[in-house]
Structure formats: structure tokens, C-alpha cells
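Structure record follows, encoded as C-alpha cells.
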Amino acid sequence: MTGLRGVGKTVLLNELAERARQDGWIVGKVEADRSQGGRPFREQVSQTLNRALREAMGSSQIADKFRRALATFKSFSLRTDPNGGLAIGIEIDPERGRADTGSLQTDLTDLGIDLAAAAADRGAGAALFIDEMQDLTEEELAAVCQACHEAGQREAQFYVVGAGLPSLPGVLAEARSYAERLFDYWPIGALAAGDASDALTRPAAEVDVEWQGAAVDAVVERSAGYPYFLQEFGKATWDFALGPSITGDDAHAGIRAGTDSLDHGFFRSRWERATPGERDYMKAMAADGDGPSQSGEVARRLGRKSTAVGPTRAQLIYKGLVYAPEHGVIAFTVPGMADFITRQPT
Ligand SMILES: Nc1ncnc2c1ncn2[C@@H]1O[C@H](COP(=O)(O)OP(=O)(O)O)[C@@H](O)[C@H]1O
Ligand SMILES: [Mg+2]
């Protein structure tokens, strides 16, 4: 799933993972986010699967294939933590020669295939959910592709479900040229007006509160269907309303308060993560509204050469504030950022 920040990718990813769990799948979930100084992928995979496997162990007798998956998992995790801290609770000898080469590509493939075999015994599959997937390193992306590719060839039910910025298909294709055919891509954008309106009215209806038409229309329009904005404006409107129903006036007050809260939180925190030089770069981008902008044109507006502003651009990408939808193009990762920037005092 690809899309800007705040469209609901993480919510969807969690929902899918939860449903897979309920269906008895072996499920792991990790977050690649580099800007948060996250832990290495292999370590995170070990940690999330440790939990999933211990849960699965409790629920039934350990069949041969499951025992083998546990042993392969143990090899995999010992490779990232030789002290065995990530294999706690899995009292089984590691499987020699499985998932222990130290090459993530080989090891993740072994692990995926053995997990799938264990899950298949229970009429299910194995899935690894990866959030902020565009932040994986090239080696990690290549390993994910390789594991999925081989699992597919052997008809093993091992899947990777990822969520990331719209740059994700591009970085995957760079890691492995066959990535484009390997995955299904679902672009996630703003909600359609009807869905946006349901997001406001349905939870309220559950507690017998009605949104008047004018109130719904105002919030849906101002949020442009972006789930995160719906959430902010909806919450502020709810907090303001005296009831019994939610009126257009409540919505206008809520939108004002919500905009204020976005400006001071969501947008401001992004703005403050940028250095003065990076802010100048984003100001030059903001001339194109929500964008995207041509990188060359942004440099020209700054009166600099593209190569001279390259490091600034790279830092902004690293911080997750902008991304490159395609080569030579640059865009904000959140809707409305350009508008916020133009409202800043210079
Ligand atoms: N389908 C939805 N309907 C209403 N609100 C949603 C929906 N999906 C997400 N949200 C709201 O938007 C916020 C951001 O969603 P999130 O999944 O974190 O976005 P992303 O991962 O794409 O940045 C959530 O905390 C929630 O408040
Ligand atoms: Mg997210």
C-alpha cells in the first residue's frame, strides 16, 4: 500500500495483520522507519516472530514442520543476537544450515519457506507486515523480494504486506528489477466524500449523536477526505459541540481549532525538524503548492546548482519530510504542507 502520510496506511496494515492473526496465520509486523533511529530489520523480524511463534506454540501440539520452523527461526535470530535474547522461550536446537548464513537474502528466504510450511499444516500461511517499507536498505529490500519470489515459485504461503510512501514501488524496482511483477500495488489516497462522511457520522451514530448535513459537508470539504485531517477536525468539532446534534456552527469552530492544532502539531513538528537551509528548500518547493516539483527548478529558484542543493534534498528525504515520486522530481510527504509553509512569517 502506497500513499502520503495520514491517508490511513498504518491503520489498514494493522487491521490486515489482525485479521490474518485471527485466521491462525503466523504473523510478524515491523516498522522500517529510519528517521526514528529504528533497530535493524533482522533484529525486528526476530523479535516480532518470537512472539508470534510462542503464541502459536501454546495453541496446539508441536508438529514436525512447526518444530522445524522453530529451529530455523532460532538460527535466524541467533545470527543477529548470538546471546539468544531474541530466541527466549523457544527451547529448541537451532537448525544448522538453515537461515544461518548471515546473508539476509538467503536466511529470510529459508525462514519464510519454513514458516509457510509450518502454517500450511494448520491450514494457514505466514505473513510479514512492514510499515514505512521505503526506509528499508537496498539489501533488505532485495532480501524481501528474494524471499517472496522463491516462496512464490515453491507455492509456499509466505507473504510480505508493506506500506510506504509513493516512492516505494520505485525503490523496490531499484533493489530488484522483477519487483514490479512480484507485488500488487495499491495506491491509497483520500477517502471519497461518502466514505469520509461515514467516518464522521457512523461512530457518532453508535452513541446516538447525529451530525447535521451542513456540519458533515464542512468537515468533509475542509479535510479533502484525508483521514488524518478528518480525525483532527472531527475530534475538535466533537469536543466543541454541546449537542444534542452536531451543527454547522460546531463544525466551523472545530475546523478552526483543528487547523490550529494541525499547525501547532502535525505541520509544526515537521517544520522544526528542518534546518534553516532545508526550510529554504521546502519554501522553494511550496511555490508549486502540494506539488510535485522538478528538483532542477527548485534549485534554480534558490539560485543554486542542482548538485549544490543535492545534500539538502537528500537530508529532507532522510527525515521523511519530502520524497522523490520519480527521478528528478520532489514532493511533500503530507498534504497541505505547502499551504502551511506559505502561511509562515518569513
Ligand atoms: N479509514 C479511516 N477513516 C477515518 N479515519 C482514519 C482512517 N484511516 C486512518 N484514519 C485516521 O488517520 C490517522 C492516520 O492514519 P495512519 O494509518 O497513521 O496513516 P499513514 O500510515 O498513512 O500515515 C489515524 O490515526 C486515524 O485517526
Ligand atoms: Mg503510517
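One rule links them: number in this note's numbering = place in the sequence shown (from 1) + 10.
All C-beta atoms, glycine included, are put in the ideal place defined by N, C-alpha and C.
Taking the CA atoms as reference points, I340 sits about 6 angstroms from P302. Ligand 2 has a heavy atom closer than 8 angstroms to the beta-carbon of E142.
In this structure, T247 sits near A261, with a CB-CB distance shorter than 9 angstroms. With a contact defined as Cβ atoms closer than 8 angstroms, L23 and V171 qualify at about 7 angstroms. Its chain contains Y195 as the residues whose beta carbon lies nearer than 6 angstroms to that of P179, once the 5 sequence neighbours on both sides are disregarded; these appear in chain order. Counting every other CB atom within 10 Å of its CB across the protein chains shown gives I98 a total below 16, marking it as exposed. Non-local C-beta neighbours of I327 in its own chain, meaning closer than 7 angstroms and more than five positions away in sequence, comprise Y333 and A334, ordered along the chain. For F168, the enclosing beta strand (DSSP E) covers residues F168 to G172.
The beta carbon of A129 sits closer than 7 angstroms to the beta carbons of W35, I36, G135, A136 and Q167 from its chain, once the five residues preceding and following it are set aside; these are given in chain order.
The DSSP-derived three-state label of G268 is helix. As DSSP reads the structure, F139 sits in a beta bridge with K39 and V171. Just measuring C-alpha positions, the residue of R61, A263, Q325 and E160 sitting nearest Y291 is Q325. The nearest non-hydrogen atom of ligand 2 is 8 angstroms or more from the C-beta of A42. By the Cβ test, the region 304 to 322 is not in contact with the region 139 to 157, since fewer than three Cβ pairs between them sit closer than 8 angstroms.
Here P345 is not near G107, since their CB atoms are 9 angstroms or more apart. With fewer than 16 neighbouring CB atoms inside 10 Å of its own CB, K315 falls in the exposed class. The secondary-structure analysis by DSSP pairs Q304 across a beta bridge with V339. At the C-beta level, A225 and T257 come within 9 angstroms of one another.
With a cutoff of 8 angstroms, K75 does not count as near ligand 1, since its C-beta is closer than that to no heavy atom of the ligand. Counting other Cβ atoms within 10 Å of its Cβ, Y238 reaches 16 or more and is therefore classed as buried.
Counting other Cβ atoms within 10 Å of its Cβ, E336 stays below 16 and is therefore classed as exposed. Per the coordinates, the alpha-carbon of R89 lies some 12 angstroms from the alpha-carbon of V55. Beta-carbon to beta-carbon, F342 and F277 are separated by about 10 angstroms, too far to satisfy the 8 angstroms threshold. The closest CA to that of T285, considering only E216, G133, K329 and L118, is found on K329.
Straight-line spacing of the CA atoms in V40 and P254 works out to 43 angstroms.
Rounded to the nearest angstrom, the gap between the Cα atoms of I102 and A109 is 15 angstroms. In this structure L240 touches A206 by the C-beta definition: roughly 6 angstroms separates them, less than 8 angstroms.
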